[in-house]
Amino acid sequence: MLSSVMKQYLKHMYLLADPIDQVVPSQLANVLSVNPATVSRMVRKLSNQGWVKFEQYGRVYLTHEGKQLGKTLVKHNEVLEQFLKIIRGKDDYLLNEINDLEFNISPYLIKKIEVLTQYLRALLLDRFPVSLGDNVL
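In my numbering, the protein residues as written are 21 to 157.
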């Protein structure tokens, strides 16, 4: 089972991966504000679980499964951000809450939030097609 920290690493690895799914560990360390040794330890853990492939000289590649999960985690973040836009919660506090929540929420609940967000967006666009539509949504 993946911890929330492991999910965070996979999400950022997905975002940083180049076209051949290679991730530069030093870039990951910079994004996550951790030291390279911490990244190396986590990469080994993720490799042992089959999410990444770790090779000599610091080469790290997302496996197919790692890439799919990274993509899913990015989508979870987008769903939560869209929901916050609708409820007018785009301040730093709420964005930090998303970062904490996104790795600890079930795919089932994310799907329900996504459906609710789509419904609210459609409802708001029907009621406020020009004045609020572009600013809120």
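Each residue gets a CB set at the ideal place from its N, CA and C atoms; glycine is no exception.
* What residues in its chain sit with their C-beta under 6 angstroms from that of residue 37, if we drop five residues either side in the sequence? -> 43, 82
* Note the first and the last residue of the continuous alpha helix (DSSP H) segment covering residue 123. => Neither: residue 123 is in no alpha helix (DSSP H) and is coded neither H nor E.
* Asked: So, using beta-carbon positions, are residue 24 and residue 103 closer together than 9 angstroms?
  -> Taking 9 angstroms as the Cβ cut-off, residue 24 and residue 103 do not qualify as a contacting pair.
* Would you list, in sequence order, the uninterrupted alpha helix (DSSP H) runs of no fewer than 4 residues that lie entirely inside the region 61-112? => Counting only runs of 4 or more, we get 84-106.
* Asked: With C-beta atoms as the reference, is residue 113 less than 9 angstroms away from residue 63?
  -> Going by C-beta atoms, residue 113 is not nearer than 9 angstroms to residue 63.
* To do: Give the straight-line distance between the Cα atoms of residue 68 and residue 132, rounded to the nearest whole angstrom.
  => 32 angstroms
* Residue nearest to residue 65 in terms of C-alpha spacing, selected from 53, 77, 47, 86 -> 86
* Own chain residues within Cβ distance below 6 angstroms of residue 153, not counting five before or after -> Bear in mind that the predicted position of residue 153 carries a pLDDT of just 43, short of 50, making it unreliable; the figure below should be weighed with that in mind. So the qualifying residues of the chain are 145.
* To do: Give the straight-line distance between the Cα atoms of residue 46 and residue 119, rounded to the nearest whole angstrom.
  => 21 angstroms
* Euclidean distance between Cα positions of residue 117 and residue 39 -> 31 angstroms
* Asked: Along the chain, where does the alpha helix (DSSP H) that runs through residue 53 open and close?
  -> No alpha helix (DSSP H) holds residue 53; DSSP gives it neither H nor E.
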